[in-house]
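Working notes for the structure below.
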Amino acid sequence: MKKIFQKTKNNHKIKPSIPLQDNENVVGYTFIAPWLIGFFIFTVYPILYSFYLSFTDYNILSSPKFIGLENYKEMFVSDPLYWKSVKATFYYVFTAVPLRLIFALIVALLLCRETKGIGIYRSALYIPSLIGGSVAVAVMWRRIFEAEGILNSTLALFGIESNIAWLGHPTYTIWTIIILGAWQFGSPMLIFLSGLKQIPNTYYESAVIDGAGWFKRFFHITLPLLTPIIFFNLVMQLISGFMIFTQGLIITGGGPLNTTLFYALYLYRNAFQFGKMGYGCAMAWVMLVVIGLFTLVLFKTSKYWVHYEAEEG
Amino acid sequence: MKEKIKFSNIIYHIIMILFCFLMLYPVLWMFFSSFKPNEDIFATAHKLIPDKWTIENYISGWKGFGGVSFDVFFKNSFLYSGIGTIGTVVSSVLVAYGFARVKFKGRDFWFTCMILTMMLPVQVVMIPQFIMFHKLDWVNSFKPLIVPTFTAGPFFVFLIMQFIRGIPIELDEAAKIDGCSKYGIFFRVILPLVTPAIVTTTIFSFYWKWDDFLGPLLYLSKPRLYTMSIALKVFNDSTTTTNWGGLLAMSTLSIIPALVIFFIFQDYLVEGIATTGIKG
Chain A
1128 MKKIFQKTKN NHKIKPSIPL QDNENVVGYT FIAPWLIGFF IFTVYPILYS FYLSFTDYNI
1188 LSSPKFIGLE NYKEMFVSDP LYWKSVKATF YYVFTAVPLR LIFALIVALL LCRETKGIGI
1248 YRSALYIPSL IGGSVAVAVM WRRIFEAEGI LNSTLALFGI ESNIAWLGHP TYTIWTIIIL
1308 GAWQFGSPML IFLSGLKQIP NTYYESAVID GAGWFKRFFH ITLPLLTPII FFNLVMQLIS
1368 GFMIFTQGLI ITGGGPLNTT LFYALYLYRN AFQFGKMGYG CAMAWVMLVV IGLFTLVLFK
1428 TSKYWVHYEA EEG
Chain B
3 MKEKIKFSNI IYHIIMILFC FLMLYPVLWM FFSSFKPNED IFATAHKLIP DKWTIENYIS
63 GWKGFGGVSF DVFFKNSFLY SGIGTIGTVV SSVLVAYGFA RVKFKGRDFW FTCMILTMML
123 PVQVVMIPQF IMFHKLDWVN SFKPLIVPTF TAGPFFVFLI MQFIRGIPIE LDEAAKIDGC
183 SKYGIFFRVI LPLVTPAIVT TTIFSFYWKW DDFLGPLLYL SKPRLYTMSI ALKVFNDSTT
243 TTNWGGLLAM STLSIIPALV IFFIFQDYLV EGIATTGIKG
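Read top to bottom, the protein sequences are chains A and B.
Everything in the first sequence is counted per our numbering, starting at 1128 for the first residue and increasing by one.
Everything in the second sequence is counted per our numbering, starting at 3 for the first residue and increasing by one.
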């Protein structure tokens, strides 16, 4: 290969009439142009404009009025709903994300074996994740937890009389959405599964010879070797968890008593229903900073708990 | 010994089947309830299989609301998902090739920028984008939803790049010796070989657009422009006590395209999720 390469190089020197070498810079920017143009128009400019708007009072009909830090002050000091939305969102993220990941890992462990029908189970268990984010499922989810919904009438079959209005209860309601979140375990499950399959069987075989039981093997081989994948799943799920929106809007409408008024939902209402675009932008920027901080902390602490095989030799 | 293995295998399958059934129960309930007479749906909510089968819900639900029926909503969803997917696929393949196979100045910098945008919450750019499209007078048209898809999706670029990296560079070099330019290599060597990645991108992109709720919610406020997701939301809001059957029937119909595509292309999907960690 090298020889051929040198030959063509020489040829090129002797006969400059051979088709011109591509200018890699021109070619490269031509190919990435669609993304680059979009990046400036739909990402960079909006981010900067959003930052500016966060210091203004703006309702899209009249021009933005600069008000300094007023939006941020209102948010942190005088808007009780803001803090309710922060609380609801953190509550959701810190319950639904761990539940979803633990669930995904358990199911992946169940699926990690060679028998007939495993493909069918895998597909079936991915379906909730496939459709779980849709409006159709959110609409159906309401029907499950309504006072006369599936849950209560199924409980009645087992002799448990329950008249609890799951969607009208300040403590239980958010859990209907958390369960929906945990139910969509399909994607992290598949990622865990591909990670599990990459762990060499010899590790387990030698552990068995050394007399390690199931628990020892899980905590000393499986879990450490999966940490890069756990880390990846955690970052991705955390980010999408903070953005929970559709379910809050359709299943509960933010209620009861604003216990499911998620951050993204409250932001949407401020910007597009109350005409407070500047306030919405300020909320969005705080969200960006918080998500950024969480991601940063995860990355910084990852060296203490994420094992990369290369390091271990 | 053999007997024992067989026995544990049977237990395993029983557990898995029960577990799958439990996990899919809500979906099955929705499907079967959509064939129950409207007044039976909640009265017999504890039963999965209808006592009396009827397609009445599909007929009444299809009529829609506000004088617009569900064929319009379906058409809109297909329009948005279809054209949007074409835009995403075409632009993402181009960008992926640029990043994966061309060594240009600033490549690493732009690539980092692209990866960072994957973590950007949509809420930060949503409001200025809305203002921008409002000023262009694009609100209440599909343009704000479709035009941005032609600027490539970072997730898909990443997915296709991973795939291109698996193609031996010797193929590029051989083509180059034969007088192919970088453009020629793209069209004659890379493009035919990345078909599996293109299929995966197409499917995911279609799903995401089919399920997209926030975009249509912001930009489409006229009933004749509604996509399925918005139509179901409005149907749900307006059906305070009346047509549950119709609502469940239309909800069932709305998830059928996703399920059909999934069962046809599931190997591509599983592969795509496993290699990039894309969410479904």
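Ideal placement from N, C-alpha and C gives every residue a C-beta, glycine not left out.
Beta-bridge partners of residue i, as assigned by DSSP
| i | result |
| --- | --- |
| residue 1192 of chain A | A:1184 |
| residue 70 of chain B | B:67 |
Anticipated Cβ contact below 8 Å, residue i with residue j, distance rounded
| i | j | result |
| --- | --- | --- |
| residue 275 of chain B | residue 1314 of chain A | 6 Å |
| residue 1441 of chain A | residue 1409 of chain A | A question about residue 1441 of chain A goes unanswered here, because the residues of chain A that appear run from 1128 up to 1440. |
| residue 1267 of chain A | residue 253 of chain B | 6 Å |
| residue 11 of chain B | residue 36 of chain B | About 36 Å separates the two Cβ atoms, so there is no contact after all. |
| residue 87 of chain B | residue 208 of chain B | 5 Å |
| residue 251 of chain B | residue 63 of chain B | 4 Å |
| residue 1418 of chain A | residue 123 of chain B | 6 Å |
| residue 131 of chain B | residue 1191 of chain A | That belief does not hold up - the Cβ atoms of residue 131 of chain B and residue 1191 of chain A are roughly 16 Å apart, past 8 Å. |
| residue 286 of chain B | residue 40 of chain B | Any question about residue 286 of chain B goes unanswered here, given that chain B covers just 3 to 282. |
| residue 1425 of chain A | residue 1361 of chain A | 7 Å |
CB contact check: residue i to chain A, cutoff 8 Å
| i | result |
| --- | --- |
| residue 99 of chain B | yes |
| residue 268 of chain B | yes |
| residue 140 of chain B | no |
| residue 163 of chain B | no |
| residue 12 of chain B | no |
| residue 53 of chain B | no |
| residue 85 of chain B | no |
| residue 28 of chain B | yes |
| residue 184 of chain B | yes |
| residue 215 of chain B | yes |
| residue 259 of chain B | no |
| residue 133 of chain B | yes |
| residue 234 of chain B | yes |
For residue i, the three-state DSSP class (helix, strand or coil)
| i | result |
| --- | --- |
| residue 1130 of chain A | With a pLDDT of 43 at residue 1130 of chain A, under the threshold of 50, the modelled position of this residue cannot be trusted; read the value that follows with caution. Helix, per DSSP. |
| residue 49 of chain B | coil |
| residue 1293 of chain A | helix |
| residue 1240 of chain A | coil |
| residue 163 of chain B | helix |
| residue 1411 of chain A | helix |
| residue 1179 of chain A | helix |
| residue 1205 of chain A | helix |
| residue 1123 of chain A | Since the first and last residues shown for chain A are 1128 and 1440, residue 1123 of chain A lies out of range. |
| residue 1 of chain B | The shown model of chain B, from 3 to 282, leaves out residue 1 of chain B, and the question about it has no answer. |
| residue 151 of chain B | helix |
| residue 29 of chain B | helix |
| residue 127 of chain B | helix |
| residue 1404 of chain A | helix |
| residue 1253 of chain A | helix |
| residue 213 of chain B | helix |
| residue 1172 of chain A | helix |
| residue 1235 of chain A | helix |
| residue 306 of chain B | Chain B is shown from 3 up to 282; residue 306 of chain B falls before or after that span and cannot be answered. |
| residue 132 of chain B | helix |
| residue 1422 of chain A | helix |
C-beta neighbour in chain B for residue i, strict 8 Å
| i | result |
| --- | --- |
| residue 1162 of chain A | yes |
| residue 1328 of chain A | no |
| residue 1216 of chain A | no |
| residue 1209 of chain A | no |
| residue 1140 of chain A | Below a pLDDT of 50, predicted positions are generally treated as unreliable, and residue 1140 of chain A, at 46, falls in that range; the measurement from the model is reported next regardless. With 8 Å as the cut-off, residue 1140 of chain A does not count as an interface residue toward chain B. |
| residue 1383 of chain A | no |
| residue 1408 of chain A | yes |
| residue 1412 of chain A | yes |
| residue 1186 of chain A | no |
| residue 1206 of chain A | no |
| residue 1368 of chain A | no |
| residue 1156 of chain A | yes |
| residue 1423 of chain A | no |
| residue 1340 of chain A | no |
| residue 1337 of chain A | no |
| residue 1152 of chain A | yes |
Do the segment 109-128 of chain B and the segment 1162-1181 of chain A touch if we need at least three Cβ pairs shorter than 8 Å? yes
Three Cβ pairs or more, each shorter than 8 Å: is that satisfied between the segment 1152-1167 of chain A and the segment 1383-1392 of chain A? no
Would you call the segment 44-63 of chain B in contact with the segment 163-176 of chain B, where contact means no fewer than 3 C-beta pairs closer than 8 Å? No, the segment 44-63 of chain B does not touch the segment 163-176 of chain B.
Between the segment 1332-1341 of chain A and the segment 1276-1290 of chain A, do at least 3 Cβ pairs fall closer than 8 Å? no
Could you tell me whether the segment 1316-1326 of chain A touches the segment 1400-1414 of chain A, where touching means 3 or more Cβ pairs closer than 8 Å? no
Within the chosen definition, does the segment 134-150 of chain B reach the segment 215-224 of chain B through at least 3 CB pairs nearer than 8 Å? Segments in contact, yes.
Looking at C-beta atoms only, is the number of pairs between the segment 1371-1387 of chain A and the segment 1253-1272 of chain A that lie closer than 8 Å three or more? yes
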